[in-house]
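Numbering (mature numbering (1 follows the signal peptide of the UniProt record, and there is no 0)), first residue to last: -22 to -1, 1 to 363.
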């Protein structure tokens, strides 16, 4: 039986502190529930990870997005731990991110995408599970991490209990944000020019370098144009920026190019792992039309074949504006702005197979204030009849 914590000083701190504050407080000191370690995997990657919860509990593995680190999911993992401390939670830095190692430059520098495909990152997760003696786990993935989660569910369904996909889609092919806003400029635009001005070949010579080696103003761009979310706590965002700026160029290049070749529209028609999708209305990366509609269409084929049961839950209530910029409601990085709310849905779904029916969205005029409207969530349930 799961023991639900209803009162604790840690939960009280979680409720009143900003994400950045409670993260730094809880990650330091002997009283921290979070352990931090690194493990060498059979794939050749050294993976840094955070761990908390019951060592004998059901395992949940969190996979962050592109150029993020474990910090992206730590508030959510901590919130879930406070709601139910029987789960065994792992929050990974994926290859080339945070404290985890890069794949070898000798094999990857000339063509980084070949070492950063979702299947490569999924292989790391399986190797991590093998090294830890984990037979099965539920996988929670955001953005890039959601495609790694998809790969795990498709290629290793026997190792996955449930999938939770946040800010996801069926395909990234032709994605305007990744192609034009990130890869074309600045990665293969001004940053590439900055490296070439130093006599470096791109991408071979820059694989282990970071954006600041190309342009001293790169961190300002990251802070002002990339690590942004009007619904998230500014101090929390500020704690993410230097980690993103330290992400190596091989990762910036490799993941972007690999994701832009990723299309699971057909493969998802055979998905058999129970799945929860969390999507927010001001997701400027993966839109409702066509992304979410195409995703559900693929999953509905699996449902019609009685292979799959899924839930699709909408966060936010205001639509994305015509310029595609998140302004006043929850967006692509849902767990940044609403970690406690996401944790409630995780607890409900992992325990019962259904998310909460509560609707979470930003208050009018105050996007950082998350409103809960009881039993009103827009939900879609895909189930074989």
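Glycine is no exception: its CB is placed at the ideal position from the N, C-alpha and C atoms. Model, not experiment: these values are computed from the prediction.
- In the three-state DSSP reduction, residue 290 falls in the strand class (E or B).
- In this structure residue 66 is not in contact with residue 111, their Cβ atoms being roughly 11 Å apart against a cut-off of 8 Å.
- Rounded to the nearest whole angstrom, the C-alpha separation of residue 95 and residue 73 is 11 Å.
- Residue 28 is bridged by DSSP to 14 and 69.
- Annotation for residue 58: 38, 65, 67, 321, 324 and 325 place their beta carbon closer than 8 Å to its own, counting only its chain and skipping 5 residues before and after.
- For residue 221, same chain residues with a beta-carbon under 7 Å away, outside a window of 5 residues either side, are 47, 49 and 76 in chain order.
- The shortest CA-to-CA distance from residue 317 to any of 60, 17, 171 and 281 is the one to 60.
- Contact check for residue 355 against residue 271 fails: the beta carbons are separated by 8 Å or more.
- Residue burial is scored here from C-beta neighbours: residue 34 has fewer than 16 other C-beta atoms within 10 angstroms and is therefore classed as exposed.
- Shown here, residue 277 sits in a helix according to DSSP, grouped into three states.
- Residue 329 and residue 114 have their C-alpha atoms some 15 Å from each other.
- Boundaries of the alpha helix (DSSP H) harbouring residue 330: 317 to 330, taken from the DSSP string.
- Here residue 260 is buried, its C-beta having at least 16 other C-beta atoms within 10 Å.
- Here residue 103 carries a helix assignment [DSSP, helix/strand/coil].
- Assigned with DSSP and collapsed to three states, residue 213 falls in helix.
- If you look at residue 160, you'll find it isn't in any beta strand (DSSP E); DSSP assigns it neither H nor E.
- Secondary structure of residue 346 (DSSP, three-state): strand.
- Taking a C-beta distance under 8 Å as the contact criterion, residue 145 and residue 51 do not qualify as a contact pair.
- Between the beta-carbon of residue 120 and that of residue 346 there is about 19 Å, and that puts the pair past the 8 Å contact cut.
- The same chain holds no residue with a CB closer than 7 Å to that of residue 283 once the five nearest residues on each side in sequence are set aside.
- By the beta-carbon neighbour count (other beta carbons within 10 angstroms, threshold 16), residue 45 is buried.
- Cβ contact annotation for residue 132 (same chain, cutoff 8 Å, sequence separation greater than five): 242, 245, 246, 248 and 249, in chain order.
- In the three-state reduction of the DSSP assignment, residue 352 falls in the coil class.
- For the 8 Å CB-CB criterion, residue 127 and residue 117 form a contact.
- Looking at the DSSP output, residue 241 sits in a beta bridge with 149.
- Judged by DSSP in its simplified three-state form, residue 40 adopts strand.
- Distances from the CA of residue 204 to each of 191, 218 and 194 were compared; the closest alpha carbon is that of 218.
- When secondary structure is reduced to three states using DSSP, residue 142 falls in the strand class.
- Looking from the CA of residue 176, the closest CA among 192, 164, 331 and 168 belongs to 192.
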